[in-house]
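All letters in the sequence shown, in the order written, are residues 1402 to 1543 by this note's numbering.
By construction, the Cβ of each residue, glycine as well, lies at the ideal position given by its N, Cα and C atoms.
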Amino acid sequence: MKILIAFTFLFISYHSFSQSDSLLKKYDQQLVYRYGSHFMKGGNKVSFNALQEEFTIPSISFDLYAKAKKDKTISTVLRYVSLLAIIGVAKGTADNNRNLTYGFLAGQFATLALSSSFQNKSTTGLDRAIQIRNRELLFPGR
């Protein structure tokens, strides 16, 4: 009887571990994750633009990636507008015009705050897209 129980246990554990082996292989080679400001897949760095290839096009994860990319572009444009506002501040200071100087300073801080907001939205959306993509990869059909 003990031999039958041991054989059954070994048989069940063998099938369990063989299924997790393919899951482990997917996890090690195809999972995408954030590593600081970069992305990694299978031990290799993946750029933000190259991430587009990792998402299947008609999926929620691709839509979230596209929105995150749009938010990142808006953030970058607003950051450059904020930097250009320094010229207005310098011009207002050179002309000794307080209203112009304070106006450009307020505009600079407003665009910088908006840029930060869009950057945070982009990061959050991209993290959700990667999470959904990884879940679809590891557990298809769920």
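Can you give me the C-alpha to C-alpha distance between residue i and residue j, rounded to a whole angstrom?
i	j	result
residue 1449	residue 1507	32 Å
residue 1496	residue 1482	21 Å
residue 1514	residue 1476	10 Å
residue 1430	residue 1441	10 Å
residue 1516	residue 1485	14 Å
residue 1425	residue 1532	17 Å
residue 1467	residue 1498	43 Å
Given that a residue counts as buried once 16 or more other Cβ atoms are within 10 Å of its Cβ, and exposed if not, what is residue i?
i	result
residue 1527	buried
residue 1525	exposed
residue 1451	exposed
residue 1436	exposed
residue 1465	buried
residue 1469	buried
If I measure Cβ to Cβ from residue i and keep anything under 6 Å in the same chain, skipping five residues before and after, which residues do I get?
i	result
residue 1510	none
residue 1472	1519, 1522 and 1523
residue 1512	1479, 1482 and 1483
Looking only at its own chain, which residues have a Cβ that is under 7 Å from the Cβ of residue i, when we skip the five neighbours before and after it?
i	result
residue 1534	1433, 1455, 1456 and 1462
residue 1493	1501, 1502 and 1505
Who pairs with residue i in a beta bridge, going by DSSP?
i	result
residue 1436	1439
residue 1445	1442
Legend entry - Meets three-Cβ-pair contact criterion under 8 Å: the segment 1457 to 1467 and the segment 1486 to 1505: no
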